[in-house]
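Data first, discussion second: the structure below is written as C-alpha cells.
Chains as they are written, first to last, in the numbering used here: chain Z, 1 to 505; chain W, 1001 to 1061.
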C-alpha cells in the first residue's frame, strides 16, 4: 500500500460521513413515512442549510474533476463554467421562488407535477419527468466515475470499493431520505473549501506565483481564439455554453428538489446572492488544471498509468499526490468522494419523487396511495443500481456522451416549467410538441456533430457557433408559441389549470 | 424595476470580446481570468441589492 496514510484518513472521513447519513433521519424530526418528509426534507431548510444543500447539489464531484480536466486539456474554454454559474443565479431568483410558492400551496414535490397542475396534461408532465430521469441516470454514473478516479489514484484496484460505497449510499438514502445528503453536504463543503484554499495558496507558492503558472500555459490555451471575420467563433461558443448550461441547471430533478426543500421564497432569493461563493471556489478549482500543466504531472513516470487510464480526469488527483503530504491527500480525496455521494443521493431521491408522482400514480395506480413513500424508496434503489451497472458494464465514454445529451434534453423542459410561472399563454399540447421538436433536433445535431456540444450555425451570412442546447430550446419555444395560438383557439385548455393567478404574485 | 440590474449581470458575464485579453494582469492573473472572478463578486452584490430592495418593498405593503 503506497499511500497508507492517505487511505486511512480517507476511510475515516468517509466512515464518519456514513454514520452521519444514518443519524440524519432523526434530524429536524418528521414522519419519514410521508414522501414530503422523506423526499423533500419537509420543506423546512433555512438559508444556511439550503446554501450547503443546493451548493453541494449543483457543484458536484464530477464538476470538480471535469472542469479542471477541461482546463488542463482544452484551456480557456473550460472557464465557461464560471459565467455559467453566475448567470444561473438571476434565473434562480426570477423563476424558482414562484415555483416554490405554487408547489408549496398544492403539495407538488417535483417540477413535472407543477406542469400537470398548470396544464391538466399528464402527458406533458410525463415528458418533462422522463426527460429528467433520463438526464439524471448518466449524471449519477459520472459521480461514480469521479469517485472511481479517486479510489484508483489511492492505488485501490477493482470495482469492489465503488460497489461498497454505493451499497452504503443506497442504505442511508433508504432510511434517511433527503436529510442524509443535506447533513452530509455541510461536511463535504467544508472539506472542499479547506482543500481548495490550501491548494490555491500552497501550490502557487511552490511554483513561484501565479505569474509563473500562467506563463507555462501555451498561448493557444490561455485565451479563446479570436474569431475569423464573418464568424463569432469561440466567443459565441463560450457565451452560449454558459447561458444554455445556466438555463438547464435548476431544471434537473436533483436541483429542483434542492430548491423545493428550502423553507420558502426568501431563502431562495437570499441564496441567489450567496451561492456565487461556490462559483469563486469553482473558478479557483478550475485553475488547478493550469497548475497541473505548469507542474507537468502528466510527464512524471509515477502518474503515467493513471493518465493512460483516466486521461485528463487524472490531472487534479495527480497534482494532489505530487504536491501534498499523504494525510492531506486523504482529506482532499475524501472531499471529492463525498462530493460524489451527496449529489448522487439527491439525484436518486429526486428521480424517485418523479417516478412516484408523475409516472406511477397518474399512469399505474391512478391515485396517491399511502404506499407512495415505499414506491419512491424502491425506485431510488433502482436508480442507484442502474448507475452502478452503467459504470461496471458500459465504457466511461458513453456515460460522458449521455450526460452531454442529458443537458440537451433537460433544457427542453425550460418553456414548460420556467415560462409557465409567468404566463398561461401556452397550450399544453403545443408545449409537448415543442419539447419533442427540441429533443429530436438536439439529439440529431449532437450525434451528427460526433458528440461535440457546439455546432456552427449559419445565420444571415454569419457563422454563429452555438451550444446546441440553447439553439434547440429557442426552436422549441418558437414552435410552442406558434402552435399555442391555433390550439388555444380550437381546444383551449386554460380551464384545466388548477392554480390561480394570485399564486404567482 | 430594480431587476434591471440582472441585465448588467448577463452583459458583464457573457460579452466575451470585452474580456478575452491578457492585459492588464493582476497578481500574475491574465485579465480574462481575474475579470471573470471579479464578475462573480459584482453579480453577487447586484443580486443582493435586488433582494434587499424588493424585500423592503414587500415589507412596506
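Note that beta-carbon positions come from the ideal geometry of N, C-alpha and C, so glycine has one too.
Note that the structure is predicted; figures quoted are calculated from it, not measured.
Handout entry: Other residues of its chain near residue 571 (chain Z): CB distance less than 8 Å, five sequence neighbours each side excluded
Key = Residue 571 (chain Z) lies beyond the residue range present for chain Z, which begins at 1 and ends at 505; the question has no answer from this structure.
Exercise for the section: Using a cut-off of 8 Å between C-beta atoms, extract the partners of residue 1024 (chain W) located in chain Z. Expected result: If you number the second chain from 1, residue 1024 (chain W) lands on position 24. By Cβ distance, chain Z contributes nothing, its closest Cβ being about 13 Å from residue 1024 (chain W), past 8 Å.
Practice task
Identify the contact partners of residue 1051 (chain W) in chain Z, using a Cβ-Cβ distance below 8 Å as the criterion.
Solution key: Along the second chain, one-based indexing puts residue 1051 (chain W) at 51. Here the neighbours are 93, 269, 270, 272, 273.
Problem - Which listed residue (Z:493, Z:408, Z:342) has its alpha carbon closest to that of residue 61 (chain Z) - result: Counting from 1 along the first chain, the entry for residue 61 (chain Z) is found at position 61. Checked all of Z:493, Z:408, Z:342; the closest Cα to residue 61 (chain Z) is Z:342.
Problem - Identified DSSP bridge partners for residue 454 (chain Z) - result: Numbered from 1 along the first chain, position 454 holds the residue referred to as residue 454 (chain Z). For residue 454 (chain Z), which the question treats as bridged, DSSP gives the partners Z:467.
Practice task
Indicate the three-state DSSP secondary structure (helix, strand or coil) for residue 370 (chain Z) in the structure shown.
Solution key: Along the first chain, one-based indexing puts residue 370 (chain Z) at 370. Here residue 370 (chain Z) sits in coil by DSSP.
Handout entry: CB contact below 8 Å: residue 1011 (chain W) versus chain Z
Key = For this step, residue 1011 (chain W) is matched to residue 11 along the second chain. False, the Cβ-Cβ gap to chain Z never drops below 8 Å.
Exercise for the section: Round the Cβ separation of residue 1029 (chain W) and residue 210 (chain Z) to the nearest angstrom and send it over; I've been treating them as touching at under 8 Å. Expected result: As a position in the second chain, residue 1029 (chain W) is number 29, starting the count at 1. As a position in the first chain, residue 210 (chain Z) is number 210, starting the count at 1. With 8 Å as the limit, residue 1029 (chain W) and residue 210 (chain Z) qualify as a contact, their Cβ atoms being about 6 Å apart.
Exercise for the section: With DSSP as the reference, please indicate the residues paired to residue 360 (chain Z) in a beta bridge. Expected result: As a working note, residue 360 (chain Z) is residue 360 in the first chain. Answer is none; residue 360 (chain Z) lacks a bridge partner.
Handout entry: Closer than 8 Å to chain W by CB, residue 320 (chain Z)
Key = The residue you call residue 320 (chain Z) lines up with position 320 of the first chain. Contact of residue 320 (chain Z) with chain W is not assigned, every C-beta pair being separated by 8 Å or more.
Practice task
Return the CA-CA distance between residue 479 (chain Z) and residue 432 (chain Z), expressed in angstroms with no decimal places.
Solution key: Locating residue 479 (chain Z) in the first chain gives position 479, where the first residue counts as 1. Locating residue 432 (chain Z) in the first chain gives position 432, where the first residue counts as 1. Those two C-alpha atoms are separated by around 10 Å.
Practice task
Please go through the same chain and pick out, in chain order, the residues whose beta-carbon is closer than 7 Å to the beta-carbon of residue 46 (chain Z), but skip the five residues on each side of it.
Solution key: Within the first chain, the letter at position 46 stands for residue 46 (chain Z). Contacts found: 263, 267.
Problem - Under 8 Å between C-beta atoms of residue 473 (chain Z) and residue 411 (chain Z) - result: If you number the first chain from 1, residue 473 (chain Z) lands on position 473. If you number the first chain from 1, residue 411 (chain Z) lands on position 411. Their beta carbons are under 8 Å apart, which means residue 473 (chain Z) touches residue 411 (chain Z) by this criterion.
Exercise for the section: Keeping to the same chain, check which residues put their C-beta closer than 7 Å to that of residue 72 (chain Z); ignore five residues upstream and five downstream. Expected result: Here residue 72 (chain Z) refers to the residue found at position 72 when the first chain is read from its first residue. Around residue 72 (chain Z): 289, 292, 293, 312, 315.
Exercise for the section: For chain Z, find out if any of its Cβ atoms is closer than 8 Å to the Cβ of residue 1043 (chain W); answer yes or no. Expected result: Locating residue 1043 (chain W) in the second chain gives position 43, where the first residue counts as 1. True, the Cβ-Cβ gap to chain Z drops below 8 Å.
Problem - Alpha-carbon spacing of residue 309 (chain Z) relative to residue 392 (chain Z), whole angstroms - result: Taking the first chain and counting its residues from 1, one reaches residue 309 (chain Z) at position 309. Taking the first chain and counting its residues from 1, one reaches residue 392 (chain Z) at position 392. If I take the Cα positions, the gap works out to 15 Å.
Practice task
Look at the alpha carbon of residue 409 (chain Z) and the alpha carbon of residue 246 (chain Z), and state the distance between them as a whole number of angstroms.
Solution key: Here residue 409 (chain Z) corresponds to residue number 409 of the first chain, with the count starting at 1. Here residue 246 (chain Z) corresponds to residue number 246 of the first chain, with the count starting at 1. Whole-angstrom Cα-Cα distance: 14 Å.
Exercise for the section: Run the CB neighbour count on residue 98 (chain Z), radius 10 Å, all protein chains shown included, and call it buried at 16 or more, exposed below. Expected result: Here residue 98 (chain Z) refers to the residue found at position 98 when the first chain is read from its first residue. Counting Cβ neighbours within 10 Å, residue 98 (chain Z) comes out buried, since at least 16 surround it.
Exercise for the section: Mark residue 435 (chain Z) as exposed unless 16 or more other C-beta atoms lie within 10 angstroms of its C-beta, in which case mark it buried. Expected result: Working through the first chain from its first residue, we reach residue 435 (chain Z) at position 435. That one is buried.
Handout entry: Euclidean distance between Cα positions of residue 109 (chain Z) and residue 39 (chain Z)
Key = Numbered from 1 along the first chain, position 109 holds the residue referred to as residue 109 (chain Z). Numbered from 1 along the first chain, position 39 holds the residue referred to as residue 39 (chain Z). Computed Cα separation, rounded: 8 Å.
Problem - Buried versus exposed, by CB contacts within 10 Å (16 or more), residue 525 (chain Z) - result: No information on residue 525 (chain Z) is available, as it lies outside the stretch 1 to 505 that chain Z covers here.
Practice task
For the alpha helix (DSSP H) containing residue 155 (chain Z), list its first residue and its last residue.
Solution key: Taking the first residue of the first chain as 1, we reach residue 155 (chain Z) at position 155. Premise fails: residue 155 (chain Z) is in no alpha helix (DSSP H) and is neither H nor E.
Problem - 8 Å Cβ cut-off: residues of chain Z touching residue 1014 (chain W) - result: Taking the second chain and counting its residues from 1, the one referred to as residue 1014 (chain W) is at position 14. Those are 83, 87, 239, 242, 243, listed as they occur along chain Z.
Exercise for the section: Tell me where the alpha helix (DSSP H) around residue 527 (chain Z) begins and ends. Expected result: A question about residue 527 (chain Z) goes unanswered here, because the residues of chain Z that appear run from 1 up to 505.
Problem - Reduced DSSP secondary structure (H/G/I, E/B, other) of residue 252 (chain Z) - result: Along the first chain, one-based indexing puts residue 252 (chain Z) at 252. Coil, per DSSP.
Handout entry: alpha helix (DSSP H) segments (min. 4 residues) lying fully within the region 42–114 of chain Z
Key = 47–58, 61–74, 81–106
Exercise for the section: May I have the straight-line CA-CA distance separating residue 397 (chain Z) from residue 452 (chain Z), to the nearest angstrom? Expected result: For the purposes of this step, residue 397 (chain Z) is taken as residue 397 along the first chain, with counting starting at 1. For the purposes of this step, residue 452 (chain Z) is taken as residue 452 along the first chain, with counting starting at 1. Each residue's alpha carbon lies about 13 Å from the other.
Handout entry: Exposure label - residue 302 (chain Z); buried when at least 16 CB within 10 Å
Key = Along the first chain, read from residue 1 onward, the residue named residue 302 (chain Z) stands at position 302. Its Cβ having fewer than 16 others within 10 Å, residue 302 (chain Z) is exposed.
Handout entry: Length of the line joining the Cα atoms of residue 275 (chain Z) and residue 344 (chain Z)
Key = As a working mapping, residue 275 (chain Z) is identified with position 275 in the first chain. As a working mapping, residue 344 (chain Z) is identified with position 344 in the first chain. Each residue's Cα considered, the two are about 20 Å apart.
Exercise for the section: Would you verify that the beta carbon of residue 1037 (chain W) is, or is not, closer than 8 Å to some beta carbon of chain Z? Expected result: Translated into the one-based positions of the second chain, residue 1037 (chain W) becomes position 37. Yes - at least one Cβ of chain Z is within 8 Å of the one on residue 1037 (chain W).
Exercise for the section: Go through the region 393–457 of chain Z residue by residue and report every complete run of the alpha helix (DSSP H) that reaches 4 residues or more, in order. Expected result: 396–410, 414–417, 428–448
Problem - Helix, strand or coil at residue 1026 (chain W) according to DSSP, with G and I counted as helix - result: As a working mapping, residue 1026 (chain W) is identified with position 26 in the second chain. DSSP places residue 1026 (chain W) in strand when its eight states are reduced to three.
Practice task
Assess, as a yes-or-no matter, whether the region 1031–1041 of chain W is touched by the region 1011–1022 of chain W under the definition of 3 or more beta carbon pairs within less than 8 Å.
Solution key: yes
Problem - Proximal residues of chain Z, C-beta to C-beta of residue 1002 (chain W) below 8 Å - result: As a working mapping, residue 1002 (chain W) is identified with position 2 in the second chain. For a Cβ distance threshold of 8 Å, nothing in chain Z lies close to residue 1002 (chain W): the least Cβ distance comes to about 11 Å.
Handout entry: Boundaries of the alpha helix (DSSP H) in which residue 501 (chain Z) is found, first to last residue
Key = Against the first chain, residue 501 (chain Z) aligns to sequence position 501. Where residue 501 (chain Z) is concerned, there is no enclosing alpha helix (DSSP H), given that its DSSP letter is neither H nor E.
Exercise for the section: Evaluate contact between the region 398–408 of chain Z and the region 131–149 of chain Z, counting only Cβ atoms and requiring at least three cross-stretch pairs below 8 Å. Expected result: yes
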